[in-house]
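Just below is one structure, and these are the notes that go with it.
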Amino acid sequence: MKASSIRTSFLAAAIALLVPASALGDVSILAYHHVSDDTPPSTSTTPDLFRDQLEVIEGLDMEVVRLSEKTTRAALDGHEDKRLRVALTFDDAYESVYTKAWPILKERGIPFTIFVMTDAIDDGINGYMNWDQLRELADHELVTIGNHTSDHASLLRREGESVKRQTERVAAALDDAAERLEEELGIEPQLFAHPYGEFSEKVDQLLAERGWYGFAQHSGVLGPASNPYAIPRFPVANAFGGIDTLKDKLRARNFPVPYKKLPSPVIGKTNPPALEMPLPEDWRASSLNCFASGQGRMDVQALEPNGGTVARVQPEAALEGRRSRYNCTYPATEGRFYWLSQPWFNRDAPEG
0 MKASSIRTSF
10 LAAAIALLVP
20 ASALGDVSIL
30 AYHHVSDDTP
40 PSTSTTPDLF
50 RDQLEVIEGL
60 DMEVVRLSEK
70 TTRAALDGHE
80 DKRLRVALTF
90 DDAYESVYTK
100 AWPILKERGI
110 PFTIFVMTDA
120 IDDGINGYMN
130 WDQLRELADH
140 ELVTIGNHTS
150 DHASLLRREG
160 ESVKRQTERV
170 AAALDDAAER
180 LEEELGIEPQ
190 LFAHPYGEFS
200 EKVDQLLAER
210 GWYGFAQHSG
220 VLGPASNPYA
230 IPRFPVANAF
240 GGIDTLKDKL
250 RARNFPVPYK
260 KLPSPVIGKT
270 NPPALEMPLP
280 EDWRASSLNC
290 FASGQGRMDV
300 QALEPNGGTV
310 ARVQPEAALE
320 GRRSRYNCTY
330 PATEGRFYWL
340 SQPWFNRDAP
350 EG
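Residue numbers (numbering that gives the first Met the number 0): 0 to 351.
As structure tokens, then:
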């Protein structure tokens with residue numbers, strides 16, 4: 000595909016999506032960190048792979064959504080159509096996004112969002128953007144700036160920490176970053192990305208009080224069933240951004256189980272935790288495919304309380320590490336899948 004064709008297609012989509020919509024269909028959101036050959040592979044996407052991913056997006060004739068309060072709300076309100084939509088996000092404001100990704104995105108007219116961790120910018124830490132670079136980006140119509148806390152510490156309650164103290168600590172991390180972004184960039188972001196993708200009901204409450212939308216790091220598609228304070232995103236670093244699997248992610252659909260019907264992601268006394276979720280009336284539990292981090296496929300049990308069908312999955316062994324997931328898919332039409340990722344957070348494991 001010629002670069003000029005790509006630029007024209009993306010620019011048309013970008014301009015169209017700058018116009019507020021009353022409702023949008025599903026949006027697959029991609030989560031990036033570094034775009035570089037020289038940074039940690041687990042959080043990096045090479046520039047060559049990044050270009051290849053953009054080629055896939057263009058080949059699927061996707062609308063590229065500029066995230067904002069209005070477009071996020073529109074996608075949560077939902078609109079049933081077959082149009083494929085995608086949004087690009089970058090966490091932490093790494094310098095490689097400015098030096099490597101920005102020229103590529105600007106040339107093609109692709110909108111994107113940067114979630115800024117402000118202490119790193121204030122402290123001039125090597126590998127991060129500076130305020131002048133962020134000002135340049137914030138002034139451009141393609142770029143949305145979001146809040147990523149001041150210090151990038153986990154927002155979950157720590158061992159021995161009271162709920163009151165957690166609330167004060169998290170509120171300070173949110174508000175200090177918001178204050179710095181307003182001072183330096185003259186903006187008041189209403190989009191927020193959770194450090195490490197970790198969230199809880201308490202953090203949801205704090206975001207709701209501020210009127211912010213939250214973005215996490217478990218996979219899935221933004222749509223009517225999504226938690227507005229922990230919207231899923233597909234990680235697309237080198238290990239997760241291969242072209243073959245990317246196509247399935249870009250064509251995925253919002254899993255139609257309301258987030259309030261799902262369990263808290265914070266692991267309690269039972270490990271491994273069980274996931275139970277009500278299925279739509281015309282779904283069969285036998286068609287659901289679910290996998291646990293590091294353990295592979297899980298058996299799906301079909302429970303039938305009160306005449307409805309509830310799917311139940313639970314792996315055999317305890318979940319290890321700080322963060323785990325159960326990923327479930329259900330076949331949709333045209334070779335697509337409904338996609339759900341249930342994250343699990345073990346507060347007893349070390350942060351980071």
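Ideal Cβ placement from N, Cα and C applies to all residues, glycine included. Since the structure is predicted, the reported quantities are computational estimates derived from the model, not experimental observations.
Quick one: grab the DSSP three-state call for residue i.
i: residue 352; result: Nothing about residue 352 can be read from this structure; the chain reaches only from 0 to 351.
i: residue 296; result: strand
i: residue 72; result: helix
i: residue 303; result: coil
i: residue 88; result: strand
i: residue 44; result: strand
i: residue 54; result: helix
i: residue 324; result: strand
i: residue 28; result: strand
i: residue 199; result: coil
i: residue 176; result: helix
i: residue 15; result: For residue 15, the predicted model reports a pLDDT of 42, less than 50, meaning its position is unreliable; a value from the coordinates is still stated below. Residue 15 falls in the helix class under three-state DSSP.
i: residue 335; result: coil
i: residue 233; result: strand
i: residue 102; result: helix
i: residue 221; result: strand
i: residue 340; result: strand
i: residue 436; result: Because the chain here runs from 0 to 351, residue 436 falls outside it and cannot be looked at.
i: residue 22; result: coil
i: residue 212; result: strand
i: residue 254; result: coil
i: residue 329; result: strand
i: residue 283; result: coil
i: residue 228; result: coil
i: residue 310; result: strand
i: residue 171; result: helix
i: residue 317; result: coil
i: residue 152; result: coil
Buried or exposed: which applies to residue i, given that a residue is buried once 16 or more other Cβ atoms fall within 10 Å of its Cβ?
i: residue 14; result: Here the model assigns residue 14 a pLDDT of 39, short of 50, so the residue's position is not dependable, and the following value carries that caveat. Classification of residue 14: exposed, given that the 10 Å Cβ count is below 16.
i: residue 268; result: exposed
i: residue 39; result: exposed
i: residue 222; result: buried
i: residue 343; result: buried
i: residue 25; result: buried
i: residue 218; result: buried
i: residue 35; result: buried
i: residue 226; result: buried
i: residue 129; result: exposed
i: residue 57; result: buried
i: residue 62; result: buried
i: residue 259; result: exposed
i: residue 141; result: buried
i: residue 349; result: exposed
i: residue 232; result: buried
i: residue 204; result: exposed
i: residue 180; result: buried
i: residue 125; result: exposed
i: residue 71; result: buried
i: residue 238; result: exposed
i: residue 88; result: buried
Of the choices the options, whose alpha-carbon is the least far from that of residue i?
i: residue 171; options: 186, 128, 148; result: 148
i: residue 68; options: 212, 319, 59; result: 212
i: residue 90; options: 119, 108, 336; result: 119
i: residue 264; options: 286, 325, 335; result: 325
i: residue 287; options: 311, 293, 272, 266; result: 311
i: residue 274; options: 315, 166, 176, 349; result: 315
i: residue 251; options: 53, 41, 339; result: 339
i: residue 244; options: 23, 207, 52; result: 52
i: residue 100; options: 48, 210, 70; result: 48
i: residue 137; options: 97, 150, 83; result: 97
i: residue 319; options: 44, 113, 293, 281; result: 293
i: residue 44; options: 341, 270, 236; result: 236
i: residue 285; options: 182, 302, 210, 143; result: 302
i: residue 241; options: 37, 54, 108, 84; result: 54
So, does the CB of residue i fall closer than 8 Å to a CB anywhere in chain B?
i: residue 124; result: Of the protein chains in the structure, only one exists, and it is not chain B.
Tell me residue i's beta-bridge partners as DSSP assigns them.
i: residue 33; result: 43
i: residue 242; result: According to DSSP, which records beta bridges pairwise, residue 242 is partnered with nothing at all.
i: residue 62; result: 84
i: residue 143; result: 112
i: residue 265; result: 344
i: residue 93; result: 127
i: residue 49; result: BP columns for residue 49 are empty, so no partner.
Rounded C-beta distance between residue i and residue j? I'm assuming under 8 Å.
i: residue 190; j: residue 145; result: 4 Å
i: residue 66; j: residue 86; result: 5 Å
i: residue 234; j: residue 216; result: 6 Å
i: residue 277; j: residue 309; result: 5 Å
i: residue 199; j: residue 155; result: 6 Å
i: residue 27; j: residue 248; result: 6 Å
i: residue 104; j: residue 111; result: 6 Å
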